[in-house]
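Residue numbers (our numbering): 48 to 150. A short write-up of the structure that comes next.
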């Protein structure tokens, strides 16, 4: 259930990014595939980041470990800065604290 919730939230975020980037619509199948690709990327990025922390004997990763993991994906700090500074960010929406507790 939590995996499905996460996927749905990610799908909403991706759709908002696409709309803010100038897209007027997206086919549901394409959105599903894009969500799956981004989800896999984020999981692998997290796995690599955690792995780099463990290599140096740390139990919690930090930005240095994340930077090395991004480098594995050929993502540079300059590219991240460019995206953050120049990319159009959609209006944030409230997402309940994770995991969502059932009433």
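For each residue, glycine too, the CB sits at the ideal point set by N, CA and C.
* To do: Tell whether a beta-carbon distance below 9 Å holds between residue 86 and residue 134.
  => no
* To do: From the DSSP output, in three-state form, read off residue 54 for me.
  => helix
* Asked: Excluding sequence positions up to five away, which residues of its chain have a Cβ less than 8 Å from the Cβ of residue 58?
  -> 78, 79 and 82
* Can you tell which of 139, 117, 96 and 116 has its C-alpha closest to the C-alpha of residue 107? -> 96
* Asked: Hey, quick one: how far does the alpha helix (DSSP H) through residue 101 stretch, first residue to last?
  -> 75-102
* Look at the alpha carbon of residue 109 and the alpha carbon of residue 115, and state the distance between them as a whole number of angstroms. => 10 Å
* How far does the alpha helix (DSSP H) with residue 126 in it reach, from first residue to last? -> 124-133
* Which value, in whole angstroms, describes the spacing of the CA atoms of residue 118 and residue 74? -> 32 Å
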